[in-house]
Structures are given as C-alpha cells and as structure tokens.
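With the numbering used here as the guide, the letters of the sequence shown map in order to residues 3 to 121. A virtual CB, placed ideally from N, CA and C, is assigned to each residue, including glycine. Predicted model only: the values in this text are computed from it and were never measured. Written below as structure tokens is the structure these notes are about.
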Amino acid sequence: MSTQVFLQANDKFAASFVKPDRSSFKNVIIVQCMDPRINPYDQLGLKTIDAITIRNAGCSAKEAIRSIIVAQHLVGVLGEIAIFHHKDCGMTKGTTNQIREIVKKANPGRADIAATGTA
Ligand SMILES: [Zn+2]
Numbered sequence: 003m004s005t006q007v008f009l010q011a012n013d014k015f016a017a018s019f020v021k022p023d024r025s026s027f028k029n030v031i032i033v034q035c036m037d038p039r040i041n042p043y044d045q046l047g048l049k050t051i052d053a054i055t056i057r058n059a060g061c062s063a064k065e066a067i068r069s070i071i072v073a074q075h076l077v078g079v080l081g082e083i084a085i086f087h088h089k090d091c092g093m094t095k096g097t098t099n100q101i102r103e104i105v106k107k108a109n110p111g112r113a114d115i116a117a118t119g120t121a
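Listed below in structure tokens is the structure:
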C-alpha cells in the first residue's frame with residue numbers, strides 16, 4: 003500500500019461520508035489487541051458507531067488509559083470498559099525486556115528512547 007492509495011481512499015470516503023446516527027451507541031469502551039486478524043466489530047456483533055474501541059499491542063489497559071480518560075471525560079462515555087484478550091497473541095511471544103533491547107539496538111546511545119513506552 004502506498005500513501006497515494008490511502009489518500010485516494012480517504013478522498014472517496016470523505017466525499018460520501020454521512021454523519022452517523024449515534025442512537026445505537028452502547029456507551030461502552032472496548033480495549034482490544036491491535037492484531038489485524040481480529041475485527042472487534044464483527045467479533046462482538048457491533049457496528050462502528052456502537053462503541054469506542056482502543057487497540058494496542060497485547061490489549062494493554064495501562065497503554066489504553068490515556069484514551070480511556072479522554073473517552074470518559076471529554077467524550078462522556080461513562081458506561082462499561084470491556085477488555086478482550088485473544089489466543090495466539092504476538093505479545094505472548096516476547097517480553098518487555100526483549101522489546102527494550104530491540105529499541106536500544108535500533109537507537110544506539112539513546113537510553114532515553116530505549117526507555118520510552120516500555121516501563
Ligand atoms: Zn494480540
């Protein structure tokens with residue numbers, strides 16, 4: 003995929019975008035892994051307008067907390083927070099220390115970068 007393909011797709015999407023009816027919104031925040039094999043809407047029987055979804059590597063609630071706070075306090079979603087892990091998650095195949103070492107090797111001499119986001 004190239005940026006040009008994304009830009010064309012976005013232009014097409016924006017040209018036909020209709021502000022969705024929020025009446026089916028279920029007042030729920032879903033935290034899920036970023037694994038592209040999983041479509042959270044299909045998995046949970048939802049439409050995109052039904053829930054706020056937050057996805058990250060391994061379904062980390064700790065990493066999702068900023069977005070959860072925004073959803074609750076700026077958007078007003080005060081219902082349940084549902085966290086869905088899955089089988090065969092890539093995050094079960096490595097450790098935080100392994101990730102830290104990968105980042106250190108990619109950024110020699112930059113301990114500040116190596117420590118970012120892996121605490
Ligand atoms: Zn996963």
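Original post:
Can you find at least 3 beta carbon pairs, one from the segment 9-25 and one from the segment 66-82, that sit closer than 8 angstroms?
Top reply: no
**OP:** Could you check if Ala-117 is buried or exposed, using at least 16 other CB atoms within 10 Å of its CB as the buried criterion?
**Re:** By one-based count along the sequence shown, residue 117 stands at place 115. Label assigned to Ala-117: exposed.
Original post:
Between the Cα of Ile-40 and the Cα atoms of His-87, Arg-112 and Lys-107, which residue gives the shortest distance?
Top reply: Taking the sequence shown and counting its residues from 1, the one referred to as residue 40 is at position 38. Checking every option, the nearest Cα to that of Ile-40 belongs to His-87.
Subject >> Gly-92 beta carbon near ligand 1 (any heavy atom closer than 7 angstroms) >> reply: The sequence position of residue 92 within the sequence shown is 90, counting from 1. Short note on Gly-92: C-beta closer than 7 angstroms to some heavy atom of ligand 1.
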